[in-house]
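For the sequence shown, the working numbering assigns the number 392 to the last residue and increments by one with no breaks.
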Amino acid sequence: MSAARPVAAARNERLSLAALTVLHLAPPDMVACAAAAGYGKVGLRLIPATPEEPSHPTFIGDSPLVREVEHRLRDTGVRVLDIEILRLRPDTDVRAYVPVLETGARLGATHALVAGNDPERPRLIERLASLCTLAAPLGLTLDLEPMPWTDVKSFTDALSVVEACRQANAAVLVDAIHFDRAGESFDALRHAPPGRLRYLQLCDAPAERPHDMAVVLQQARSARLMPGDGGLDLRQLLDAMPAGVPISLEVPMPEVVRAMGPVAAATRLREKTEALMATLGGPKPRETS
104 MSAARPVAAA
114 RNERLSLAAL
124 TVLHLAPPDM
134 VACAAAAGYG
144 KVGLRLIPAT
154 PEEPSHPTFI
164 GDSPLVREVE
174 HRLRDTGVRV
184 LDIEILRLRP
194 DTDVRAYVPV
204 LETGARLGAT
214 HALVAGNDPE
224 RPRLIERLAS
234 LCTLAAPLGL
244 TLDLEPMPWT
254 DVKSFTDALS
264 VVEACRQANA
274 AVLVDAIHFD
284 RAGESFDALR
294 HAPPGRLRYL
304 QLCDAPAERP
314 HDMAVVLQQA
324 RSARLMPGDG
334 GLDLRQLLDA
344 MPAGVPISLE
354 VPMPEVVRAM
364 GPVAAATRLR
374 EKTEALMATL
384 GGPKPRETS
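So this is what it looks like as structure tokens:
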């Protein structure tokens, strides 16, 4: 998309355009797309999740790309919600993530997404705690996202890790499709300790849960649906979350984005989410932290 200044749009400050939704765009254009489509926030992927996806090796530190993103953020008024993706593997040296955390803080992010790819639970807990200690002075929470193909597969599992690391800035990131595929209980969300649910990734998907992990991966990474177009119980999910948490719209749908164009697709995604939110009751007297 063009690097021209986007046309002003009515902003929904609670909604964030996730990087995975428009992953083919360069980071500055992700910011511009979020602004043009009416989002108050954007998510940025500083570290690729897979070797196959677009990579921006200069998106860390005081680089021209980082400065260009800073300029675009100032120009549009969009804020960064989260940065991705910090994997905790058996050989991870958490200190190597300091430049990533510093770049995220420089861009104004408040959350860093973490994946648990270590089968040894005590080591995973210890490294998450260490990462939280490094991130705390930067104003970042570390949000552990359970995914069926990682070593932290469910919300209950992730919450046990987060609680065990005993850090105030540790949280669990709930993703609608992963939450459903794990067969989770909405009551588990309602009874989560205060401060452990800081934001939500929202999408829709077919109601039938695949039994083949390859299909689970394919749906999650490239074939999600806009809210209201699938069979997930998104109303209950939203109702079970703390009031007012930011919502990151992570809906990878490359064919739709290619056909509609990124701004039109992101705008439609926002509109459908807002329509869903309008069907919910009033705010709940529960704090996020």
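Heads up, the beta-carbon is just placed ideally off N, CA and C, and yes, glycines get one too.
Please read these numbers as outputs of a predicted model, since none were measured by experiment.
Determine the closest residue to H159 out of P355, H127, G331, with distance taken between C-alpha atoms. Walking along the sequence shown from the start, residue 159 turns up at place 56. Residue H127 is the option with its Cα nearest to H159.
Proximity to G164 [Cα-Cα], best of P157, V319, I150, P349: As a first step, residue 164 must be located in the sequence shown, where it is residue number 61. Nearest of P157, V319, I150, P349 to G164, Cα basis: I150.
Kindly indicate the opening and closing residues of the alpha helix (DSSP H) around G207. Here residue 207 refers to the residue found at position 104 when the sequence shown is read from its first residue. That run of the alpha helix (DSSP H) goes 201–209.
Rounded separation between V255 and I186 - CA only: Position 152 of the sequence shown, counted from the first residue, corresponds to residue 255. Position 83 of the sequence shown, counted from the first residue, corresponds to residue 186. Approximately 19 Å between the Cα atoms of the pair.
What are the residues that DSSP puts in a beta bridge with Q339? Sequence index remark: in the sequence shown, residue 339 carries index 236 (1-based). In the DSSP output, where bridge partners are listed per residue, Q339 has none listed.
With a threshold of 16 other CB atoms inside 10 Å of the CB of V145, please say whether the residue is buried or exposed. As a working note, residue 145 is residue 42 in the sequence shown. V145 should be labelled buried.
Is the beta carbon of V264 closer than 9 Å to that of S233? For the purposes of this step, residue 233 is taken as residue 130 along the sequence shown, with counting starting at 1. For the purposes of this step, residue 264 is taken as residue 161 along the sequence shown, with counting starting at 1. Their beta carbons are not under 9 Å apart, which means S233 does not touch V264 by this criterion.
I want to know whether the segment 292–305 touches the segment 314–326 - three or more CB-CB distances under 8 Å. no
Do you know whose CA, among A310, Y302, G364, lies nearest E353's CA? Here residue 353 corresponds to residue number 250 of the sequence shown, with the count starting at 1. Closest option to E353, Cα to Cα, is Y302.
With DSSP collapsed to three states, give me the class of E223. The residue you call residue 223 lines up with position 120 of the sequence shown. DSSP places E223 in coil when its eight states are reduced to three.
Output needed for E229: all residues of its chain with C-beta closer than 8 Å, excluding positions within five of it in sequence on either side, in chain order. Here residue 229 refers to the residue found at position 126 when the sequence shown is read from its first residue. Beyond the five residues adjoining it in sequence on each side, E229 comes within less than 8 Å, by CB distance, of C268 in the same chain, given in chain order.
Simplified DSSP assignment, three categories, for R293: Here the question's residue 293 lines up with position 190 in the sequence shown. Three-state DSSP puts R293 in a helix.
Rounded separation between D221 and P157 - CA only: Here residue 221 refers to the residue found at position 118 when the sequence shown is read from its first residue. Here residue 157 refers to the residue found at position 54 when the sequence shown is read from its first residue. The alpha-carbon atoms of D221 and P157 are separated by roughly 25 Å.
Within 10 angstroms of its Cβ, does A212 collect 16 or more other Cβ (buried), or is it exposed? As a working mapping, residue 212 is identified with position 109 in the sequence shown. Buried, because 16 or more other Cβ atoms sit within 10 Å of the Cβ of A212.
Please name the residue, chosen from T253, E116, A381, that lies closest to M316 on a Cα-to-Cα basis. To locate residue 316, count along the sequence shown from 1; it is residue 213. That would be T253, whose Cα lies nearest to the Cα of M316.
Can you give me the start and stop residues for the beta strand (DSSP E) that D185 sits inside? Here residue 185 is taken as the residue at index 82 of the sequence shown, counted from 1. Note, D185: beta strand (DSSP E), 182–191.
S393 classed as buried or exposed, judged by whether at least 16 other C-beta atoms fall within 10 angstroms: Summary: the structure shown does not reach residue 393, with the chain confined to residues 104 through 392, and so no result is reported for it.
Grab me the residues of E171's own chain with a C-beta within less than 7 Å of its C-beta, minus the 5 sequence neighbours each way, in chain order. Taking the first residue of the sequence shown as 1, we reach residue 171 at position 68. The residues are P131.
Of the residues A368, R299, A362, the one placed nearest A261, counting alpha carbons only: Here the question's residue 261 lines up with position 158 in the sequence shown. Ranking A368, R299, A362 by Cα distance to A261 puts R299 first.
Assuming the contact rule is C-beta atoms closer than 8 Å, L379 and P349 should be a hit. Round their C-beta distance to whole Å, please. Residue mapping note: residue 379 aligns to position 276 of the sequence shown, counting from 1. Residue mapping note: residue 349 aligns to position 246 of the sequence shown, counting from 1. No, L379 and P349 are not in contact; Cβ-Cβ is about 15 Å, not under 8 Å.
Proximal residues to D217 (C-beta, below 6 Å), its chain only, five neighbours per side dropped: Taking the sequence shown and counting its residues from 1, one reaches residue 217 at position 114. Just to set this straight, residue 217 is Val in the shown sequence, not Asp. Correct list, in chain order: L189, L245, L247.
Are V134 and T179 closer than 9 Å when you measure CB to CB? Walking along the sequence shown from the start, residue 134 turns up at place 31. Walking along the sequence shown from the start, residue 179 turns up at place 76. Yes. Within cutoff.
DSSP three-state call for R267: helix, strand or coil? Position 164 of the sequence shown holds residue 267. Checking the sequence shown, residue 267 turns out to be Ala, not Arg. Note: A267 maps to helix in three-state DSSP.
Exposed or buried, what is P249 when buried is set at 16 or more other beta-carbons lying within 10 Å of its beta-carbon? Position 146 of the sequence shown, counted from the start, is the residue given in the question as residue 249. That one is buried.
V360 - containing beta strand (DSSP E), residue span: In the sequence shown, the residue the question calls residue 360 occupies position 257. Membership of V360 in any beta strand (DSSP E) is not indicated; the residue belongs instead to the alpha helix (DSSP H) covering 357–363.
To the nearest angstrom, report how far apart L176 and P202 are at their CA atoms. Your numbering for residue 176 matches position 73 in the sequence shown. Your numbering for residue 202 matches position 99 in the sequence shown. For L176 and P202, the distance between alpha carbons rounds to 20 Å.
Sub-9 Å separation of A238 and A215 beta-carbons: Residue numbering aside, residue 238 sits at position 135 when the sequence shown is read from its first letter. Residue numbering aside, residue 215 sits at position 112 when the sequence shown is read from its first letter. Going by C-beta atoms, A238 is nearer than 9 Å to A215.
Using CA coordinates, which residue listed in R327, L341, R373 is at the minimum distance from E358? Start at 1 with the first residue of the sequence shown, and residue 358 comes out as number 255. When each option's Cα is compared against that of E358, the closest is R327.
Start and end residues, alpha helix (DSSP H) containing M354: By one-based count along the sequence shown, residue 354 stands at place 251. The sequence shown places Val at residue 354, not Met. Unbroken run through V354: none, as it is neither H nor E.
Exposed or buried, what is H314 when buried is set at 16 or more other beta-carbons lying within 10 Å of its beta-carbon? By one-based count along the sequence shown, residue 314 stands at place 211. So H314 ends up on the exposed side.
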